[in-house]
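Taking numbering that gives the first Met the number 0, the leading residue of the sequence shown gets 0, the next gets one more, and so forth. Every residue, glycine too, gets a C-beta built ideally from N, C-alpha and C. None of the values given here were measured: they were computed from a predicted structure.
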Amino acid sequence: MKRIILLTFGVLLFSISSNAQIYRMAEMNVEQIKKLDKEKTVVILPGGIVEEHGLYLPTFTDGYWNEQVTRELAKAIAAKKGWSVVIFPTIPLGNSGANDIGGKFNFPGTYAVRFETLRSVFMDLATELGEQKFKWIFIIHGHGAPNHVRALDQAGDYFRDTYGGRMVNLTGLLPVVAAWDGKKSDAQRKEDGLPIHAGMDETSMMLALRHDLVNPKYKSAKPFASDKMEDLITIA
């Protein structure tokens with residue numbers, strides 16, 4: 000994952016190195032914000048949908064992963080000479096929980112917002128940041144729903160077209176998503192099927208990040224997966 004993030008920096012022309020600062024927007028005052036060099040400051044907008052993750056994982060599973068990616072990304076940027084990072088508070092809004100796949104549009108644990116709402120929130124933030132002359136923004140909001148990804152991509156397009164900067168939905172890029180399967184054996188891939196939701200990947204991730212929030216009964220859970228897209232509705 001870290002290698003993919005660093006590769007993305009190469010594409011986005013972050014080519015210098017060493018000594019930057021990492022700030023948290025919630026802890027900054029007006030004077031500190033004004034002093035930032037907007038041409039060499041990267042703003043990170045982490046998010047996390049509140050979404051059911053079955054019997055074993057917490058509803059903020061996506062958010063915990065996004066916050067970890069945000070921390071790693073901030074450190075990678077901070078290794079670039081002269082660059083600063085500002086991390087926003089995590090935005091707990093997302094569109095379309097995995098329960099929608101099975102036609103369960105209202106389901107305990109999922110508290111989603113409309114596509115238009117999500118897009119508007121990130122477009123509004125893009126406007127505020129653009130008007131204040133920020134040029135570089137990463138959205139870290141991994142969640143697989145197509146409209147969720149589209150809303151964030153469109154907010155990024157708006158920022159580029161209106162303010163001439165870059166607002167990249169990093170966790171919506173295919174190389175980042177593809178990294179999920181990198182460490183699995185062939186047998187594990189076969190057992191896990193399509194790694195869509197609350198499976199081996201996310202369980203392993205939560206065990207690493209917040210094992211205290213994982214229901215220990217996962218150890219005796221039977222595999223319930225498929226490698227066929229058409230089976231997803233039945234499983235959901």
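Buried versus exposed call for residue i [16 or more other C-beta atoms within 10 Å across all chains shown]
i       : result
Phe-59  : buried
Asp-36  : exposed
Pro-57  : buried
Asp-61  : buried
Leu-54  : exposed
Ser-184 : exposed
Trp-82  : buried
Arg-113 : exposed
Val-29  : exposed
Arg-23  : exposed
Ala-220 : exposed
His-52  : buried
Ala-150 : buried
Which residues DSSP lists as bridging residue i, in chain order
i      : result
Leu-44 : Ile-138
Gln-20 : Ser-83
Met-27 : Its beta-bridge partners do not exist; DSSP assigns none.
Ile-90 : Gly-46
Chain-order list of residues whose beta-carbon lies under 7 Å from that of residue i (same chain, five-residue window excluded)
i       : result
Asp-152 : Asn-168 and Gly-171
Glu-38  : Lys-134
Met-122 : Ala-154 and Tyr-157
Leu-212 : Pro-57 and Met-205
N-terminal and C-terminal residue of the alpha helix (DSSP H) that residue i is part of
i      : result
Ile-76 : 60-77
DSSP state of residue i mapped onto helix, strand, coil
i       : result
Gln-131 : coil
Ile-195 : coil
Gly-101 : helix
Lys-39  : helix
Lys-221 : coil
Pro-57  : coil
Pro-107 : coil
Arg-113 : coil
Glu-247 : This structure does not reach residue 247, given that the chain is present from 0 up to 235, and the question cannot be answered.
Leu-172 : coil
Val-120 : helix
His-210 : helix
Asp-185 : helix
Residue i - containing beta strand (DSSP E), residue span
i       : result
Val-148 : Taken as a continuous stretch (DSSP letters only), Val-148 belongs to no beta strand (DSSP E), being part of the alpha helix (DSSP H) at 145-162.
Val-167 : 165-168
Cut-off 6 Å between Cβ atoms - residues of its own chain near residue i, not counting five sequence neighbours on either side
i       : result
Ala-321 : The question about residue 321 has no answer here: the residues shown for the chain are numbered 0 through 235.
Pro-45  : Asn-65, Glu-66, Thr-69, Thr-89 and Ile-139
Lys-216 : none
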